[in-house]
Amino acid sequence: MNPKNNICRDKWSFWGLGLVLYLLCFPPLLADNLKDIKTIQERIIAELLENEINPEEIEELLTTQLEDGTWPGIDYKDVSRTGFEHRIHSGNMVTLSRAYSKRGSKYRKNKRVRNAIEKALANWVENDYFCDNWWHNQIGTPGNLVHVMLLAGNDMPKELTEKAQPIIGRAHLEASGARPSGDRIKIAGILAKNLLFVADYQQFDVVIRVIEGEIKFSEGRGMQYDYSFHHRVDRVNNTLSYGLGYADAFVEWAGYVADTDYAFSTDKIQLLVDYYLDGICKSMVYGKYPDAGVKNRSVARAGALKPMHAETPKKMLLITDYRSDELKEIIQIREGSIKNTDLSHSTFYWHSEHFAFQRPTYYASVRMFSTRNYNMEVPYNSEGLKNHHRGDGTNHLSLTGEEYLDIFPVMDYQKIPGATILQKEKLPDENQIQKPGLTDFVGAVTDGMYGAVAFDFKSPHDPLEAKKTWFFFDNEYMCLGAGITGRSNRPVHTTLNQNLLKGNVTVNSIAGQKTQNSGDHELDGVNWIHSDGAAYLFTEPQKVSLSNGPAKGYWWDISKQSSTPKEKVTLDVFKLWLDHGNRPQGETYSYVVLPHVDVEETRGYDLQGSLKVLSNTDHIQAVHHKKLGITMVVFYQAGALDLGEGLHLTMDGPGTLILHHQGKTIHKIAAADPGRKLGKLHFSLNTPIGIESKGLKTQWNADKGISDLSVELPKGVYAGKSISFE
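In structure tokens:
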């Protein structure tokens with residue numbers, strides 16, 4: 006026997022075994038699988054072709070394109086993080102590819118358009134434009150190029166599309182940006198589209214499972230257990246930035262693979278719906294307008310607070326009927342078919358130190374930070390250059406959702422709504438924006454409808470500290486500050502609001518009532534001030550500072566992107582603040598915000614008959630709402646408090662409580678530990694407690710007339726969450 010024949014036989018035996026093993030592990034796609042693949046690809050292309058073609062835009066691109074495939078007006082030399090206008094070039098390729106592929110388009114299969122796409126693609130492949138910002142290299146550029154491939158790639162020279170593959174291939178699962186968060190889903194989605202183009206269906210199945218697996222709770226990057234979203238390990242709230250992209254990318258693919266063998270599980274889809282409704286939508290005014298308090302550096306981009314579209318919830322309804330009524334309601338609100346429906350809630354995102362409060366006619370929020378979280382996002386790519394104090398107990402109020410729309414180039418960044426700030430000649434350098442928190446008693450207690458927010462504030466920027474609380478009810482909320490102490494010869498200000506000025510400002514003081522003329526004002530003996538449908542009432546006549554009139558600034562001051570406008574911006578702005586003076590020692594403030602009222606309703610509001618401040622010290626801050634029968638208390642340390650009507654409360658350590666009661670009859674209790682250190686909360690009331698529930702122990706001492714209560718607090722990833730008992 007010829008030894009060479011033996012070798013040949015052994016070789017083929019080896020490869021034959023390999024083929025058997027391969028077929029066992031990766032069987033050929035059945036006809037049904039191929040049908041599913043075709044369906045998915047058709048859905049992707051159909052979505053890419055949804056938008057109408059603008060013939061004027063196409064003609065402009067065709068006539069202005071240069072012989073080397075580039076377009077005039079694009080800086081092809083600047084590949085910096087603040088530049089990379091090459092994204093316009095790749096976007097032009099997608100626009101031309103849509104016109105080339107869309108049925109009914111006058112440019113469909115047009116040779117002139119095909120040549121323009123080919124020249125533009127050849128230029129990109131030849132130069133391989135690479136940005137200093139990884140995002141363009143791993144998401145922006147591969148995303149645009151893979152869309153060109155799906156739309157027009159089969160009509161491009163094979164050699165050219167093959168040369169594009171390494172560039173598209175930078176979107177892969179081991180890429181630096183493919184971290185467990187929104188970007189991992191985006192990168193996996195680009196990879197999946199490219200696998201469809203190159204017909205690698207086995208790997209496509211693997212990537213689809215990666216996308217599905219990203220919908221999960223996380224203690225690091227990703228969706229948090231409170232339905233907020235963290236993109237980085239700094240634990241800054243990214244729900245309305247990266248968290249939006251996370252949801253959109255998953256829903257996009259859930260729709261592509263629906264009713265195929267690649268479909269996502271029901272559990273994953275329902276979890277995404279929960280995140281969208283309870284995380285994203287509840288962080289928005291009426292589920293439509295982004296809360297400025299959740300935004301980070303993106304406020305330096307025009308339109309950052311524009312109303313959200315309804316496409317994502319519409320896509321959800323196509324793949325599930327879970328919580329469909331709520332999704333339909335969000336769609337109707339966003340499309341304008343219904344107005345401010347009752348989406349009322351009181352929600353605290355304990356992983357992100359953010360509180361959101363919604364009523365049919367207004368939305369309010371409070372943004373904070375603690376030893377667990379950093380205060381603000383780093384100003385990546387030179388955006389958000391003045392955000393130093395935008396996490397310092399920021400209290401935004403919205404009636405329409407447009408109160409802060411594009412105010413940011415003219416904003417006074419040392420007059421942040423709700424924040425107490427040491428006034429400086431200028432803000433520190435941009436590399437000093439992000440700081441870790443210095444206190445851990447930061448949080449809120451909520452029963453789902455009402456809430457009290459507590460912030461043991463210590464500035465990471467300045468020698469300043471304060472105890473700040475907000476108490477939210479149906480038609481008003483009260484703001485208390487105590488222990489305001491600064492160790493600098495600069496003034497300390499607490500700003501009630503800074504928003505766009507619309508209409509008149511009315512001032513009511515001990516001297517009478519008047520419409521305030523435009524300008525900067527120091528006012529004394531003020532009872533209340535009304536502006537743009539909201540009123541700010543003081544518990545006693547107060548000296549305040551008011552500015553109502555034009556404010557000037559530049560987008561360029563807060564963003565150094567090459568596309569940032571450099572023209573001066575002038576907007577009418579309302580600013581109202583309290584001046585605590587230089588080097589304040591233990592100063593306080595108390596005021597009430599009345600949203601959605603006119604001047605007459607403000608004048609008729611019975612402050613004394615509605616709200617009572619029970620305590621406003623650096624030990625205890627507490628408010629009682631007489632009409633609702635609700636008392637909210639924040640204990641920074643052990644203490645006792647007279648709640649009125651013969652009811653006394655004693656707490657043996659720090660904690661927060663909401664008590665629903667009529668006199669001494671307790672109907673409902675909510676409790677939380679903002680410090681996240683306690684296993685149980687112990688307190689006592691001088692009345693029998695008839696509430697019995699898991700997690701609550703009560704013991705009545707008839708001799709002393711005292712009920713001792715012990716609340717078992719949530720632990721682990723739920724530490725900081727409120728617990729309620731009826």
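As numbered in the numbering used here, residues 6 to 731 make up the sequence shown, in order.
C-beta atoms are modelled at their ideal positions from N, C-alpha and C, and glycine is treated no differently.
This structure is a prediction, so every number in the text was calculated from the model and none was measured.
Just so you know, the alpha carbons of residue 527 and residue 552 end up roughly 9 Å apart.
Rounded to the nearest whole angstrom, the C-alpha separation of residue 136 and residue 152 is 20 Å. In this structure, the straight-line span from the alpha carbon of residue 671 to that of residue 196 is close to 58 Å.
Distances from the CA of residue 699 to each of 117, 729 and 411 were compared; the closest alpha carbon is that of 729.
Using a Cβ distance threshold of 7 Å, residue 536 and residue 578 do not count as a contacting pair.
For residue 490, same chain residues with a beta-carbon under 8 Å away, outside a window of 5 residues either side, are 469, 470, 471, 589, 590, 591 and 592 in chain order. Taking a 10 Å sphere around the C-beta of residue 705, we find fewer than 16 other C-beta atoms and assign the residue as exposed. One alpha carbon belongs to residue 483, the other to residue 647, and they sit about 19 Å apart. For the pair of segments examined, the region 358-374 was found to touch the region 283-297: the number of CB pairs separated by less than 8 Å reaches three.
From the listed residues 216, 236 and 219, the smallest Cα separation to residue 225 is found for 236. Of all alpha-carbon atoms in 674, 242, 206 and 181, the one lying nearest the alpha-carbon of residue 439 is that of 242.
DSSP, reduced to helix, strand and coil, places residue 542 within a strand of the structure shown. In terms of Cβ geometry, residue 368 and residue 278 do not form a close pair [threshold 7 Å].
Rounded to whole angstroms, the gap between the alpha carbons of residue 495 and residue 586 is 8 Å. For residue 699, no beta strand (DSSP E) segment is defined, and its DSSP state is neither H nor E.
Counting only runs of at least 4 residues, the region 202-232 fully encloses the following alpha helix (DSSP H) elements, listed from N- to C-terminal order: 206-218. Sequence-distant Cβ neighbours of residue 503 in its own chain, meaning closer than 6 Å and more than five residues away, are 420, 422 and 580.
Remark: fewer than three beta-carbon pairs, one from each stretch, lie closer than 8 Å, so the region 562-574 and the region 450-467 are not flagged as touching. Per DSSP, the unbroken beta strand (DSSP E) holding residue 400 starts and ends at 399-403. Contact check for residue 307 and residue 560: beta-carbon distance about 7 Å, within the 8 Å limit, so the pair qualifies.
Annotation: residue 349 is outside any beta strand (DSSP E) and is labelled neither H nor E by DSSP.
Of the residues 72, 112, 84 and 601, the one whose Cα lies closest to the Cα of residue 64 is 112. With fewer than 16 other CB atoms across the displayed protein chains lying within 10 angstroms of its CB, residue 60 is exposed. The beta carbon of residue 506 is closer than 6 Å to those of 553, 577, 578 and 579 in its chain, skipping five residues each way along the sequence.
With distances taken between CA atoms, residue 42 lies nearest to 203 out of 134, 203, 53 and 73. In this structure, residue 260 lies near residue 324, with their beta-carbon atoms less than 7 Å apart. Under the three-pair Cβ rule at 8 Å, the region 426-443 counts as touching the region 391-401. Annotation: residue 374 to residue 622 spans about 21 Å, alpha carbon to alpha carbon.
Excluding sequence positions up to five before and after residue 382, its CB lies within less than 6 Å of the CB of 241, 301 and 302, all in the same chain and listed in chain order. Contact between residue 262 and residue 45 is confirmed by a C-beta separation of about 6 Å, below the 8 Å threshold. By the CB criterion at 7 Å, residue 239 and residue 379 fall inside the cutoff. Looking at the DSSP output, residue 513 shares a beta bridge with 518 and 533. From the listed residues 522, 534, 165 and 179, the smallest Cα separation to residue 515 is found for 534. Within the model, the alpha-carbon separation for residue 365 versus residue 334 is close to 13 Å.
Short of 7 Å from the beta carbon of residue 338, and not among the five residues preceding or following it, lie these beta carbons of its own chain, in chain order: 291, 292, 293 and 346. Judged by DSSP in its simplified three-state form, residue 371 adopts strand.
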